[in-house]
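Please read the structure below before turning to the comments.
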Amino acid sequence: MFNYDSKSKNANEFINDKKILETIFEVESGNYDIEKILNKSKEMKGLEPTEALALLLCNDKNIENEIYEIAKKIKLEIYGRRIVLFAPLYLSNYCINGCVYCPYHSKNKNIARKKLTQEEIKAEVIALQDMGHKRLALETGEDPEYASMDYLLESIKTIYGIKHKNGAIRRVNVNIAATTVENYKKLKDAGIGTYVLFQETYHKPTYQKLHPTGPKSDYEYHTKAMDRAMEGGIDDVGIGVLFGLYNYKYDFTAMLYHAKHLEDTFGCGPHTISVPRIRPADDVDLSSFPNAITDNLFKKIVAVLRIAVPYTGIIVSTRESQKSREEVLEVGVSQISGGSRTSVGGYVEEEEENSKQFEVNDTRSLDDIIEWLCKIDYLPSFCTACYREGRTGDRFMSFAKSGQIKNFCQANAIITLKEYSNDYASDNTEKEIDRVMINEIEKIPNEKVKNKLVSALDGIDEGRRDFKF
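And the structure:
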């Protein structure tokens, strides 16, 4: 599968093809003490990429079960039962790139192209607020005419300015094409939360084959985007690969080397890691992607990531089915999308069949997802307090690693769930929320925090909103 004698070296020092191939070769040769790695995993201080890959490639069922148990314990220790919810908002699907796995590519003449006006953005945001969302991820195709930085900045200002009934978007994350340090500074000044950009695949020859034309075809520029974002002052960044584009061993290993590079260089690794898989979409033939991964392997990847980067959020979208999402929630995922639409303008009007970026597998409403999470004893959260209180980047990580973050997250999650319950929940969902909140309030050990929380919940019943720790 791999050329282990490769002499190639990518322009980005942290993604060294030779180093990645040697790592895979060493692990496959059985040169690692799995028991030692498992014991290190239990310390919740993370793993080196080589150690994480050794766990991922171990086929012993007993070891695999232990990996899942360790991942579950880490998830509970750091995140508790909290699951953060968000929704994507597509502003424009015009694109000048030639990415062969994405229906937005410039040569696709079948897809319905659209760019939202500011008034249409307001309508979309109100629709999302009426669902109960507080956190959005902005998505656009790459096109300087239809998705300029000025347009994006204006859109962010519009979104933050919309107050409808008790609704408000409190955090806008941005998933747009790689750009300049100057533009990242502008995004920071506009008040974005996390800047997200998927590498898609770190394997340079495959990357170049899959991105034949357009600005995104520049592998080095794309791969160094997070360095420029952090230089521009954005200290919360989110990375990810699209599993199935290339061999999972290579991309898994490279992604962890990328995370390590950010940690070593900027003192803070990625705030989130996303784990999408290649999905059906208009003008995309899945038979062209033989590296697609199974559900079992997908679950194991999530579990090992949770162990390798214990304080990093792991995101799974509505690309995955309810069953698949339930499996990976247990072993590491901490954020999911809900009630998602992957077309431009899809929240106000029914999605056009040929305008989606990919097929949504979990088509349930946000309320259905909240009810489901509560029934399986998770604590749905719409919290955005850390971002708004300046607990980002290395400051967030210092709170997380010291355990102090628990003094904020649990209470803030309960507060935002109470807001959802009062403002948006169906009767059945409200009953499930009440049950979960009672259980979670009892788990708060600090009596001062608990008393302040109860006071905030009373305030919500009285009509006030946006309490936060």
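Residues 101 to 569 (the numbering used here) make up the sequence shown, in order.
Backbone N, C-alpha and C define an ideal beta-carbon position, used for all residues, glycine too.
Please read these numbers as outputs of a predicted model, since none were measured by experiment.
Alpha-carbon spacing of residue i relative to residue j, whole angstroms
{"i": "Gly-376", "j": "Ser-417", "result": "Reading the sequence as shown, one finds Pro at residue 376 and not Gly. Whole-angstrom Cα-Cα distance: 7 Å."}
{"i": "Asp-105", "j": "Ile-115", "result": "Interpretation of Asp-105 is limited by its pLDDT of 42, a score under 50 that renders its predicted location unreliable; no figure is taken from the coordinates."}
{"i": "Cys-368", "j": "Asp-335", "result": "8 Å"}
{"i": "Leu-216", "j": "Leu-191", "result": "5 Å"}
{"i": "Asp-117", "j": "Asp-327", "result": "19 Å"}
{"i": "Ile-259", "j": "Ile-221", "result": "7 Å"}
{"i": "Asn-347", "j": "Ile-393", "result": "9 Å"}
{"i": "Ile-476", "j": "Arg-271", "result": "27 Å"}
{"i": "Asp-382", "j": "Asn-461", "result": "Low confidence applies here, because Asp-382 scores a pLDDT of 49, under 50, leaving its location unreliable and the question unanswered by this model."}
{"i": "Asn-210", "j": "Arg-441", "result": "19 Å"}
{"i": "Asp-250", "j": "Asp-467", "result": "34 Å"}
{"i": "Thr-323", "j": "Ala-277", "result": "11 Å"}
{"i": "Pro-312", "j": "Tyr-201", "result": "11 Å"}
{"i": "Phe-569", "j": "Tyr-307", "result": "43 Å"}
{"i": "Asn-131", "j": "Ser-434", "result": "32 Å"}
{"i": "Ile-469", "j": "Ile-183", "result": "11 Å"}
{"i": "Lys-543", "j": "Lys-140", "result": "28 Å"}
{"i": "Ile-256", "j": "Lys-263", "result": "14 Å"}
{"i": "Glu-420", "j": "Gly-333", "result": "33 Å"}
{"i": "Ala-525", "j": "Glu-128", "result": "50 Å"}
{"i": "Pro-149", "j": "Gln-299", "result": "17 Å"}
{"i": "Phe-389", "j": "Tyr-302", "result": "16 Å"}
{"i": "Ile-541", "j": "Asn-512", "result": "11 Å"}
{"i": "Ser-498", "j": "Ala-227", "result": "36 Å"}
{"i": "Gln-218", "j": "His-371", "result": "29 Å"}
{"i": "Asp-527", "j": "Gly-438", "result": "19 Å"}
{"i": "Val-337", "j": "Tyr-295", "result": "5 Å"}
{"i": "Ile-134", "j": "Phe-482", "result": "38 Å"}
{"i": "Ile-290", "j": "Glu-254", "result": "Here the sequence assigns Ala to residue 290, which means Ile is not the residue at that position. So the two alpha carbons sit approximately 9 Å from each other."}
{"i": "Glu-489", "j": "Phe-496", "result": "10 Å"}
{"i": "Arg-181", "j": "Leu-252", "result": "34 Å"}
{"i": "Asn-546", "j": "Leu-236", "result": "32 Å"}
{"i": "Asp-558", "j": "Ile-515", "result": "10 Å"}
Selected residue, minimal CA-CA separation from residue i, among the options
{"i": "Thr-484", "options": "Lys-304, Glu-151, Ile-292 and Ala-278", "result": "Ile-292"}
{"i": "Leu-81", "options": "Ile-120, Tyr-357, Asn-391 and Ala-392", "result": "This structure gives no information on residue 81, because the portion of the chain shown stretches from 101 to 569."}
{"i": "Val-448", "options": "Arg-419, Ile-120 and Val-225", "result": "Val-225"}
{"i": "Leu-553", "options": "Cys-509, Tyr-524 and Ser-521", "result": "Cys-509"}
{"i": "Asn-391", "options": "Phe-352, Tyr-411 and Ala-223", "result": "Phe-352"}
{"i": "Lys-399", "options": "Lys-288, His-371, Ala-171 and Gly-130", "result": "Ala-171"}
{"i": "Lys-136", "options": "Ile-163, Tyr-524, Asn-347 and Lys-423", "result": "Ile-163"}
{"i": "Val-444", "options": "Tyr-246, Pro-312, Val-296 and Thr-516", "result": "Tyr-246"}
{"i": "Ala-297", "options": "Ser-255, Leu-238, Thr-365 and Lys-423", "result": "The question names Ala, but residue 297 is Leu in the sequence shown. Looking at the Cα atoms, Leu-238 is the closest of the given residues."}
{"i": "Leu-396", "options": "Pro-370, Ile-415 and Val-431", "result": "The amino acid at residue 396 is misidentified as Leu; the sequence shows Asn. Residue Val-431 is the option with its Cα nearest to Asn-396."}
{"i": "Tyr-478", "options": "Cys-199, Val-549, Met-537 and Gln-422", "result": "Met-537"}
{"i": "Thr-280", "options": "Thr-301, Ala-556 and Ser-248", "result": "Ser-248"}
{"i": "Ser-521", "options": "Pro-480, Glu-282, Asp-494 and Thr-365", "result": "Pro-480"}
{"i": "Ala-359", "options": "Leu-345, Asn-193, Leu-310 and Ile-414", "result": "Ile-414"}
{"i": "Trp-472", "options": "Leu-429, His-233, Glu-450 and Gly-446", "result": "Leu-429"}
{"i": "Asp-230", "options": "Ala-325, Asn-551, Glu-177 and Glu-519", "result": "Glu-519"}
{"i": "Ile-407", "options": "Leu-121, Asp-133, Leu-138 and Glu-126", "result": "Leu-138"}
{"i": "Lys-214", "options": "Asn-193, Cys-199, Gly-232 and Ala-223", "result": "Asn-193"}
{"i": "Ala-152", "options": "Arg-181, Glu-177, Asp-523 and Val-402", "result": "Val-402"}
{"i": "Asn-197", "options": "Glu-331, Lys-309 and Thr-492", "result": "Lys-309"}
{"i": "Tyr-487", "options": "Phe-366, Lys-145 and Ile-505", "result": "Ile-505"}
DSSP state of residue i mapped onto helix, strand, coil
{"i": "Asn-275", "result": "strand"}
{"i": "Asn-116", "result": "coil"}
{"i": "Ile-560", "result": "helix"}
{"i": "Leu-479", "result": "strand"}
{"i": "His-580", "result": "Given a span of 101 to 569 for the chain in the structure shown, any question on residue 580 remains unanswerable."}
{"i": "His-303", "result": "coil"}
{"i": "Ser-437", "result": "strand"}
{"i": "Asp-382", "result": "Reliability of the predicted coordinates at Asp-382 is poor, the pLDDT of 49 falling under 50, and the value obtained from them is presented with this limitation in mind. Reduced to three states, the DSSP call for Asp-382 is coil."}
{"i": "Lys-423", "result": "helix"}
{"i": "Lys-552", "result": "helix"}
{"i": "Ser-129", "result": "coil"}
{"i": "Glu-245", "result": "coil"}
{"i": "Asp-395", "result": "helix"}
{"i": "Cys-199", "result": "coil"}
{"i": "Cys-486", "result": "helix"}
Residue(s) in a DSSP beta bridge with residue i
{"i": "Ala-187", "result": "Leu-236"}
{"i": "Phe-343", "result": "Arg-377"}
{"i": "His-361", "result": "BP columns for His-361 are empty, so no partner."}
{"i": "Ala-268", "result": "Lys-263"}
{"i": "Ile-41", "result": "The structure shown does not extend to residue 41, since the chain is modelled only from 101 through 569, so no value can be given for it."}
{"i": "Gly-338", "result": "Val-296 and Thr-372"}
{"i": "Ser-502", "result": "DSSP lists no partner for Ser-502."}
{"i": "Arg-182", "result": "Leu-479"}
{"i": "Ser-192", "result": "Lys-215 and Thr-240"}
Examine the Cβ distances between the region 558-565 and the region 527-539 and report whether three or more of them are shorter than 8 Å. no
Taking contact to mean at least 3 C-beta pairs separated by less than 8 Å, is the region 302-318 in contact with the region 258-273? no
Counting Cβ pairs, one atom from each stretch, are 3 or more of them under 8 Å apart for the region 276-289 and the region 339-350? no
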